[in-house]
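Undergrad:
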Amino acid sequence: KNKYIPFVPIKMEHRAWPDHQITHPPVWCSVDLRDGNQALVDPMNVEEKLELFHTLVDIGVKEIEVGFPSASETEYEFLQALIDGHHIPDDVTIQMLVQARPHLIRKTFEAMEGAKNVILHFYNSTSTLQRKVVFHSDMDGIIQIAVDAAKLIRELSEPVIRGGTNLRYQYSPESFMGTEMDNAVLICQRVLEELGATPENKVILNLPSTVENCMPNYFADEIEYFIEHLPSRDCAIISLHPHNDRGEGVATAEMGLLAGAERMEATLFGNGERTGNVDMVTLAMNMYTQGVNPGLDFSNINQIRSVYERVTKMKVGERQPYVGELVFTAFSGSHQDAINKGVQYMRESNSTLWEVPYLPIDPSDVGRQYEPIIRINSQSGKGGAAFVMQANFGYDIPKAMQPEFGQIVQVETDRVGTELKPERIYELFRDAYIDI
Ligand code: KIV
Ligand code: ZN
329 KNKYIPFVPI
339 KMEHRAWPDH
349 QITHPPVWCS
359 VDLRDGNQAL
369 VDPMNVEEKL
379 ELFHTLVDIG
389 VKEIEVGFPS
399 ASETEYEFLQ
409 ALIDGHHIPD
419 DVTIQMLVQA
429 RPHLIRKTFE
439 AMEGAKNVIL
449 HFYNSTSTLQ
459 RKVVFHSDMD
469 GIIQIAVDAA
479 KLIRELSEPV
489 IRGGTNLRYQ
499 YSPESFMGTE
509 MDNAVLICQR
519 VLEELGATPE
529 NKVILNLPST
539 VENCMPNYFA
549 DEIEYFIEHL
559 PSRDCAIISL
569 HPHNDRGEGV
579 ATAEMGLLAG
589 AERMEATLFG
599 NGERTGNVDM
609 VTLAMNMYTQ
619 GVNPGLDFSN
629 INQIRSVYER
639 VTKMKVGERQ
649 PYVGELVFTA
659 FSGSHQDAIN
669 KGVQYMRESN
679 STLWEVPYLP
689 IDPSDVGRQY
699 EPIIRINSQS
709 GKGGAAFVMQ
719 ANFGYDIPKA
729 MQPEFGQIVQ
739 VETDRVGTEL
749 KPERIYELFR
759 DAYIDI
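Sequence positions in the sequence shown follow this note's numbering and run 329 to 764.
1) Going by other Cβ atoms of all chains shown within 10 Å of its Cβ, with 16 needed for buried, is Gly712 buried or exposed?
2) With Arg591 as the anchor, note down where its beta strand (DSSP E) starts and where it stops.
3) Can you give the Cα-Cα distance for Val355 and Phe721, rounded to whole angstroms?
4) Whose CB is closer than 7 Å to a heavy atom of the ligand ZN? List the residues in chain order.
5) Exposed or buried, which one is His348 when buried takes at least 16 other CB atoms within 10 Å?
6) Can you name, in chain order, every residue of its own chain whose Cβ lies under 6 Å from the Cβ of Asn668, other than the five neighbours on each side?
7) What do you reckon, are the CB atoms on Arg572 and Gly598 nearer than 9 Å?
8) Using the C-alpha atoms, what's the distance from Thr454 back to Glu508?
9) My understanding is that His449 touches Glu483, with C-beta atoms under 8 Å, so please give their C-beta distance in whole angstroms.
10) Can you tell me whether Ile667 is helix, strand or coil according to DSSP?
11) Pull up the distance between the alpha-carbon of Thr580 and that of Lys377, whole angstroms please.
12) May I ask you to report which of helix, strand or coil DSSP gives Ile555?
13) The alpha helix (DSSP H) with Glu393 in it runs from where to where?
14) Taking 8 Å as the cut-off, does the CB of Ser706 come closer than this to any heavy atom belonging to the ligand KIV?
15) Along the chain, where does the alpha helix (DSSP H) that runs through Gln730 open and close?
16) With DSSP run on the structure shown, which of helix, strand or coil describes Gln618?
17) To the nearest angstrom, how far is the alpha carbon of Pro700 from that of Thr657?
18) Label Ile433 either buried or exposed according to how many other C-beta atoms from any shown protein chain fall within 10 Å of its C-beta, with 16 as the threshold for buried.
19) Measuring CB to CB, does Val606 end up less than 9 Å from Glu590?
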């Protein structure tokens with residue numbers, strides 16, 4: 329039973345609202361071990377990468393970019409450890425990134441030996457800015473780089489496929505967001521042709537923002553245009569790789585999905601270059617709270633966070649959606665009161681929907697507790713203290729008694745100047761009403 333329903337404000341019901349909803353999840357691809365790892369001050373060692381890999385598998389991610397094996401020995405070794413140590417479940421595909429450069433492509437083919445399911449992900453940059461200041465090349469030169477790489481990849485693939493590897497291809501026109509859309513279509517179409525893409529053997533076209541430099545609706549227009557104008561659209565899976573430079577990564581991803589994208593590259597808690605990649609947790613949980621099963625399991629978010637913090641040596645923010653230390657708390661009295669009433673309403677009405685104000689999600693869905701929702705400080709009202717007594721100690725304080733007890737708690741919070749833990753509230757209650 330789904331306790332969350334799509335958000336439909338009354339005044340918008342007359343519109344074709346369901347046309348503008350995300351109704352199913354994308355294919356998820358984690359780039360934690362590559363984009364995420366390359367952005368760490370202190371990159372993960374092989375053991376740490378293995379632990380994160382297993383965490384991603386447990387969450388249910390089926391496509392995992394495991395690194396850039398031609399870039400360094402550590403990356404290469406990790407891949408060997410993964411493959412030789414039989415760490416990859418049969419239903420999980422590992423993805424390897426490589427620049428569209430012949431010697432790196434050759435090395436990547438060596439690295440994939442023994443792997444069962446592989447996505448070979450190659451890229452070159454296509455934006456007007458990169459063409460001008462980095463490559464000093466016109467679009468024909470940029471297309472040639474991608475086409476030559478595609479040709480070589482196809483050549484090198486034959487023995488690998490014969491050897492039993494299920495090999496698929498992914499091409500990224502890096503900095504897609506800053507590329508003229510007709511050029512993006514042109515280069516991707518040439519790559520599809522060179523790789524022999526068919527509707528049965530689709531190639532993933534991964535469209536990265538690389539550096540987020542426009543509003544989410546603009547990006548959605550780009551995706552829509554790209555999809556409409558790509559001649560071999562039926563031979564491609566449209567994937568997105570949003571970054572978060574303007575703090576709009578999640579919105580960009582959601583708009584991109586509405587525009588027709590089918591796959592999403594993301595990282596846990598938004599780790600990645602600069603301001604990070606799009607946050608897989610927020611994106612997935614946003615779908616969940618709109619009644620769409622994201623196909624990922626975040627029911628034990630604290631455990632996932634603790635692995636993440638250990639291996640990345642970074643902290644998840646206290647207000648990070650769905651997971652931060654403070655996101656299931658309410659300090660203000662009116663919020664506490666409303667939460668209290670919501671919980672009571674659900675209990676009394678046997679509601680199967682989640683109908684608690686100020687809490688967009690049932691904390692227990694991500695393995696968090698009801699208990700810490702209400703914390704008492706000088707901003708809390710009378711309902712908060714009563715709720716703590718009920719939730720933590722099973723005391724139903726009569727309505728008539730609540731103002732007086734609220735006042736006792738208020739005096740104490742003013743005196744100590746900090747938040748009160750449930751145990752202290754119990755002591756105040758005991759001292760006032762039980763011990764006398
Ligand atoms: O952000 C980016 O463009 C990338 C590519 C390599 C896909 O990480
Ligand atoms: Zn990236």
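C-beta: ideal position from N, C-alpha, C; glycine also. Since the structure is predicted, the reported quantities are computational estimates derived from the model, not experimental observations.
TA: Taking the geometry as given:
1) buried
2) 591-594
3) 44 Å
4) Val359, Asp363, Pro536, Thr538, His569, His571, Gly600, Glu601, Asn605
5) exposed
6) Gly711, Phe715
7) It should be pointed out that residue 572 corresponds to Asn in this sequence rather than to Arg. In this structure, Gly598 lies closer than 9 Å to Asn572 by Cβ.
8) 9 Å
9) Not really, about 18 Å apart at Cβ, beyond 8 Å.
10) helix
11) 28 Å
12) helix
13) Element bounds for Glu393: not the alpha helix (DSSP H) but the beta strand (DSSP E), 391-395.
14) no
15) 730-744
16) coil
17) Unreliable positioning characterises Pro700 in this predicted model, as indicated by a pLDDT of 48, which lies under 50. The coordinate reading is nonetheless provided below. Rounded to the nearest angstrom, the two C-alpha atoms are 6 Å apart.
18) buried
19) no
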